[in-house]
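Protein chains in written order, with this note's numbering: chain A, 580 to 925; chain B, 732 to 1262. Beta carbons: idealized from backbone N, C-alpha and C, even for Gly. In this text the structure is predicted, and so the values were computed from the model without any measurement. Everything below concerns the one structure shown next.
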Amino acid sequence: MFFYRIHLILSKLSIISTFFRYSLFIFPLLFTSAVFGQQPTLTVYSYSSFMSEWGPGEEIKKGFEAECDCQLKVVSTGDGVTILNRLRLEGAKTKADVIVGLDNNLLAQALQADIVVPHEISKPENLNIDWWDENFMPYDYGYFAFIYNQEKITTPPTSLHELIDNRPNWKIIYQDPRTSTPGLGLLFWVQKVYGDDAPKAWQKLAEHTVTVTKGWSEAYSLFLKDEADFVLSYSTSPVVHILNDHDYRYAAAIFTEGHYRQVEVAAIVKQSQQKALAAKFLRYLLTERAQREFAEKNVMYPIIHIPLSKPFYEIKPVTKALEFEPQQIEQNQKAWIRAWQLAVSQ
Amino acid sequence: MVPIKTLLPGMFAATTILLIIGVALSSLLIFAWHTGNIAIYFDAYLWHTLQITCLQAALSTLLSILAAIVMAKVLTLVDFRAKSLLLKIMSLTFFLPSLIVVTGIIAIYGQHGWLAKICHWFGLDLHISIYGLQGILLAHIFLNFPYACQLFYHTLMAVPSEQKKLASQLNFSHYIFFKIVEWPRLKRQLLPTALLIFMLCFSSFAIVLALGGGPKYTTIEVAIYQAIRDFELLQAIVLAGLQLICLFLLLVFSNKFNKNSGLNISSVPDDYKLPLSILGYVVTIFILTIGVLFILAPIVAIIVDGIYAFRWSLLTVPLGLAILYSLIIALGSAIVTLLLSLLLLWTNSRLLLKNCLRSSRNLMIVGNLVLMIPSMVLASGFFLIFFPYAEDPLFVSLLMIICNGLTALPFILRVLEIPMYDITRQYSHLAQLLKISGWRHFSIIEYRALKPLLVISFSFAFLLSLGDFGVIALFGEQSINGYSVTTLPYYLYEQIAHYQSGAVTALTLLLLSIALMIIIDRNRTHYDHTK
């Protein structure tokens, strides 16, 4: 989901479009509802990368508004965790109709907070993975993986154990699980593979860690600046390099233990007064046009089987998916994070 | 006894401050209760955080002070043309925005920084990582050592030349001279300076967040930020309490040892230098060069990188907006700070005049209260109340104006407190005789006499707000349809985070800071002359 940001590094700013975007912003947005008062407004809460210049939000907003006879108001706030917390705080007073951007790791918390209602959309025939939920509608997914430069690393590790045992003394960068989605993914991944031995694995990893960054983008740009041999990202990361620069140097190391999976979901908020319109928006997210936006801007796999651009077929596929049950995550996440903190602080 | 009219301004300011702090704290408490997330972790990691916070602060202080003493001593031994300029720069690095410091440090000591390049050029492969304790220390020393150094330098220069002449006649070595003449003078200044540096490093945020390299090296202030982000509000309150206790103990401790600090340095122009052997001269020049390089290199690096990276296309609308927001917010918070401090000091001066020492002290405690409360706690308290408006640019700007204005208040109070009292006392009889009071008193007496100081205070508050990176770290993420409030430091952080060309942003921020510092310096000279 943070992948749109790679464009920040790989492409230049377009002054004119930015100016257009921001010039609107200087005038408070308060009167928009007065101007467009005749149309209903659907309020969407999402993470901040969704609506950014490189995110899928802009196109999806345009596409949906063209056919819904409504206005879409996208409120962005940090990441999935922040969306959830915000809804918890606002409680019954929330103006949100739809949330886009929770993931499979937040489901138990979201259910417990009692903020969503079943979406009543039937499971499509052409799902890419066997993942469906009556409350949360998946819209894209991906696998966490370590990315390396094939010119520098000729014999990449074939398992997580090999990477963490780290005989060749590879330098590694990963993200803080408290502030970053891939970081949290790695936490679950290590937990799934190592179980109770996870703290020992973290300590081993710490010996070869260059730095633990706050977010994905810091880590990835350090990696591109050649400060490390491996960086935690998604298995689809090389797609961006191929798409933008025809650069085939980067690859994901595929591990025999499997890769932890992230599934991004959208849901209808319990307090919404426009549930029909909200459901319409969710259905729109499953159209080929929206799915293509998610695939190419988020650089994740679409949830529906659609033809993709060539690079998606050129990268190494993940063969085995790992995932915890939402309840297991809810019960253990805090403890695992504390254990990680302690292990890497030794 | 004291007419209510004199009390009113101070009371009003104090009530406002207490109200703001009270609202922020109680909202945090209420929401902490409300979220039901009442888990508090008194575990090994909390103690680890506390230990590291103290350890890095202690090391930073120790190294800064040591370096400052050595450099100050060296400076007294030689004369060169740019010395007064150097001393001015040294007194200013202290107030540089912390993200500028981070940028400069990375530019010099980073994996691809100037130092690595120079070493590479000489065929040496330097593999020092900037992330971790070493990075934090480096940045803290860069920030604090020059400030301490110029303080010490002025103390050492105040040693009367008779003593120096006598020492050279008696053939004292530099070591003996330092031990029996200079050290006793320095000693009195050492503790207050060390305490100030310790306190600032203790609550360091942006530097630790950017250079800490993970959970191993962290501070309580960063832990508070993490806790707030995770909505572990009670944990944040516990951490804030812990920080409060530490700082409070430190203050008590400092008051106990600080009683004889009524130090009055009379700077006598004094050209006599102790004689130096050739070896001594070489060592002196060597240390001086290293010190000057250490201080100037990061600043020069920012300027050079900024000019080198400059493209017209980098002057983007987001950068322009960030500058605009920064200026508006800084202007607003400078006004808030100046207003609050003048109101407080107006009453305070009159209380002192009437010998109401206790009331005066209480008033000043209220003004300094913000020093003890982490700005992150203040900001998050407001953040929680005004969550629904968190993406309204007007609202976020107002909130930042209030938060930054309050944060700068203790520093401005320190600048204005004594001059305000002096001027009030000086003209009290005349004012009574001529029946000048209220607004006219201020415009005729305070405003005219203290104008340069008011400009200094205003610029100082402006500067502090301009460089603030704390409150905005919480609010910068919020937006509607992709638009949000960005200040220069936040924009810079985003760029550093993306390893974008933050060079131009950093240069802009640096130049703005330098411009303000020049204004401050000009007015200080002006004030010293008119005094």
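Compute the distance between the beta-carbons of A:Ala777 and A:Val789, then report whether it is under 7 Å.
Stepping through the first sequence from its first residue, residue 777 of chain A is reached at position 198. Stepping through the first sequence from its first residue, residue 789 of chain A is reached at position 210. For the pair A:Ala777 and A:Val789, the CB atoms are not nearer than the 7 Å cut-off.
Excluding sequence positions up to five away, which residues of its chain have a Cβ less than 7 Å from the Cβ of B:Phe1041?
For the purposes of this step, residue 1041 of chain B is identified with residue 310 of the second sequence, where counting begins at 1. In the same chain as B:Phe1041, and ignoring 5 residues on each side of it, the C-beta atoms closer than 7 Å to its own belong to Val1235, in chain order.
Of all the CB atoms in chain A, is at least one closer than 7 Å to the CB of B:Ala744?
Taking the first residue of the second sequence as 1, we reach residue 744 of chain B at position 13. For B:Ala744, the answer is no, since every Cβ of chain A falls outside 7 Å of its Cβ.
Hey, would you say B:Leu1205 sits closer than 7 Å to B:Ala1110, going by beta carbons?
Indexing the second sequence from 1 puts residue 1205 of chain B at position 474. Indexing the second sequence from 1 puts residue 1110 of chain B at position 379. In this structure, B:Ala1110 lies closer than 7 Å to B:Leu1205 by Cβ.
Taking contact to mean at least 3 C-beta pairs separated by less than 8 Å, is the stretch 976-988 of chain B in contact with the stretch 793-813 of chain B?
By the Cβ test, the stretch 976-988 of chain B is not in contact with the stretch 793-813 of chain B, since fewer than three Cβ pairs between them sit closer than 8 Å.
Beta bridge counterpart(s) of A:Met716 as assigned by DSSP:
Within the first sequence, residue 716 of chain A is the residue found at index 137, counting from 1. For A:Met716, which the question treats as bridged, DSSP gives the partners A:Ala845.
Complete alpha helix (DSSP H) runs within the stretch 1120-1168 of chain B (minimum length 4 residues, chain order):
Taken in chain order, the complete alpha helix (DSSP H) segments of 4 residues or longer contained in the stretch 1120-1168 of chain B are 1124-1157, 1159-1165.
Please classify B:Arg1089: is it buried, with 16 or more other beta-carbons within 10 angstroms of its beta-carbon, or exposed?
Locating residue 1089 of chain B in the second sequence gives position 358, counting from the first residue. That one is exposed.
Closer than 8 Å is the cut-off here; do at least three beta carbon pairs connect the stretch 966-984 of chain B with the stretch 853-869 of chain B?
They do not touch, by the three-pair rule.
With a 10 Å radius around its C-beta and 16 neighbouring C-beta atoms as the bar for buried, classify B:Pro734 as buried or exposed.
For the purposes of this step, residue 734 of chain B is taken as the residue at position 3 of the second sequence. B:Pro734 counts as exposed, since fewer than 16 other C-beta atoms from the protein chains shown sit within 10 angstroms of its C-beta.
Does any residue of chain B bring its CB to less than 7 Å from the CB of A:Gln920?
Mapped onto the first sequence, residue 920 of chain A falls at position 341. Yes, contact with chain B.
Pull out every residue of the stretch 778-808 of chain B whose Cβ sits closer than 7 Å to any Cβ of chain A, in chain order.
Residues are counted here when their Cβ sits less than 7 Å from a Cβ of chain A; for the stretch 778-808 of chain B these are His779, given in chain order.
Whose Cβ in chain A lies nearer than 7 Å to the Cβ of B:Gln842?
Indexing the second sequence from 1 puts residue 842 of chain B at position 111. Here the neighbours are Glu806.
Backbone secondary structure at B:Leu964 - three-state DSSP
Against the second sequence, residue 964 of chain B aligns to sequence position 233. Three-state result, B:Leu964: helix.
Counting only the same chain and skipping the five closest in sequence on each side, list residues whose C-beta sits under 6 Å from that of B:Ile1026.
Stepping through the second sequence from its first residue, residue 1026 of chain B is reached at position 295. In chain order, Pro877 place their CB closer than 6 Å to the CB of B:Ile1026, counting only its own chain and leaving out the 5 sequence neighbours on each side.
With which residues is A:Arg665 paired in a DSSP beta bridge?
Sequence index remark: in the first sequence, residue 665 of chain A carries index 86 (1-based). A:Arg665 is not bridged to any residue.
Note down the Cα distance separating B:Trp1170 from B:Met1151, rounded to an integer number of angstroms.
Counting from 1 along the second sequence, the entry for residue 1170 of chain B is found at position 439. Counting from 1 along the second sequence, the entry for residue 1151 of chain B is found at position 420. Near 15 Å, if we compare the C-alpha coordinates of B:Met1151 and B:Trp1170.
Using a Cβ-Cβ cut-off of 7 Å, state whether B:Tyr1224 counts as contacting chain A.
Working through the second sequence from its first residue, we reach residue 1224 of chain B at position 493. Contact with chain A is absent for B:Tyr1224, since none of that chain's Cβ atoms lies less than 7 Å from the residue's Cβ.
In chain A, what lies closer than 9 Å to B:Gly944 by C-beta?
Residue mapping note: residue 944 of chain B aligns to position 213 of the second sequence, counting from 1. Near B:Gly944 (Cβ distances below 9 Å), the residues of chain A are Thr788, Val789, Thr790, Val791, Thr792.
Among A:Ser888, A:Lys731, A:Trp710, A:Glu638, nearest to A:Ala807 - alpha-carbon criterion
Counting from 1 along the first sequence, the entry for residue 807 of chain A is found at position 228. Among A:Ser888, A:Lys731, A:Trp710, A:Glu638, the Cα nearest to that of A:Ala807 belongs to A:Lys731.
Please identify the residue among A:Ala780, A:Glu909, A:Ser759, A:Glu704 whose C-alpha is closest to the C-alpha of A:Tyr799.
One-based indexing of the first sequence puts residue 799 of chain A at position 220. Taking each of A:Ala780, A:Glu909, A:Ser759, A:Glu704 in turn and checking the Cα distance to A:Tyr799, the smallest one comes out for A:Ser759.
Excluding five sequence neighbours on each side, which residues of the same chain lie with their C-beta closer than 6 Å to the C-beta of A:Arg665?
As a working mapping, residue 665 of chain A is identified with position 86 in the first sequence. Same-chain partners within the cutoff: Thr656.
For B:Lys804, count neighbouring Cβ atoms within 10 angstroms of its own Cβ and tell me buried if that reaches 16, exposed if not.
Residue 804 of chain B sits at position 73 when you count from the first residue of the second sequence. It is buried - the Cβ of B:Lys804 has at least 16 other Cβ atoms within 10 Å.
Residue burial classification, B:His858 (beta-carbon count within 10 angstroms, cutoff 16):
Counted from its first residue, the second sequence places residue 858 of chain B at position 127. B:His858 should be labelled exposed.
Report the neighbours of B:Lys947 on chain A: residues whose CB is nearer than 7 Å to its CB, in chain order.
In the second sequence, the residue the question calls residue 947 of chain B occupies position 216. Neighbours of B:Lys947 on chain A, chain order: Val923, Ser924.
Sort out for me which residues DSSP pairs A:Pro881 with in a bridge.
Sequence index remark: in the first sequence, residue 881 of chain A carries index 302 (1-based). Paired residue(s): A:Asp719.
Chain B contact for A:Leu766 (CB, 7 Å cutoff):
If you number the first sequence from 1, residue 766 of chain A lands on position 187. Output row for A:Leu766: interface = no.
Compare the C-beta of B:Phe962 against all C-beta atoms of chain A and say whether one is closer than 7 Å.
Position 231 of the second sequence, counting from 1, holds the residue named residue 962 of chain B. Answer yes: the Cβ-Cβ gap between B:Phe962 and chain A drops below 7 Å somewhere.
Which runs of the beta strand (DSSP E) at least 3 residues long sit entirely within the stretch 731-765 of chain A? Give them in chain order.
The qualifying runs are 751-754.
Look at the alpha carbon of B:Leu1147 and the alpha carbon of B:Gly1098, and state the distance between them as a whole number of angstroms.
Walking along the second sequence from the start, residue 1147 of chain B turns up at place 416. Walking along the second sequence from the start, residue 1098 of chain B turns up at place 367. Cα-Cα distance, rounded: 12 Å.
Span separating the alpha-carbon of A:Asp824 from that of A:Ile894
Translated into positions along the first sequence, residue 824 of chain A becomes position 245. Translated into positions along the first sequence, residue 894 of chain A becomes position 315. Distance between A:Asp824 and A:Ile894, taken at the CA atoms: about 15 Å.
Between the beta-carbon of A:Leu921 and the beta-carbon of B:Tyr776, is there less than 7 Å?
Sequence index remark: in the first sequence, residue 921 of chain A carries index 342 (1-based). Sequence index remark: in the second sequence, residue 776 of chain B carries index 45 (1-based). Cβ distance < 7 Å, so A:Leu921 and B:Tyr776 count as in contact.
Looking at C-beta atoms only, is the number of pairs between the stretch 1133-1149 of chain B and the stretch 890-907 of chain A that lie closer than 8 Å three or more?
Contact between the stretch 1133-1149 of chain B and the stretch 890-907 of chain A is absent, because fewer than three Cβ pairs lie under 8 Å.
Below 8 Å, how does it come out for the stretch 752-765 of chain B and the stretch 962-973 of chain B: are there three or more Cβ pairs, yes or no?
Here the stretch 752-765 of chain B lies against the stretch 962-973 of chain B, with 3 or more beta-carbon pairs under 8 Å apart.
If contact means a Cβ-Cβ distance below 8 Å, which residues of the stretch 727-759 of chain A contact chain B?
Shown in chain order are the members of the stretch 727-759 of chain A whose Cβ falls below 8 Å from a Cβ of chain B: Asp755, Arg757, Thr758.
Check whether A:Ala845 and A:Leu822 have beta carbons under 7 Å apart:
Taking the first residue of the first sequence as 1, we reach residue 845 of chain A at position 266. Taking the first residue of the first sequence as 1, we reach residue 822 of chain A at position 243. Taking 7 Å as the Cβ cut-off, A:Ala845 and A:Leu822 do not qualify as a contacting pair.
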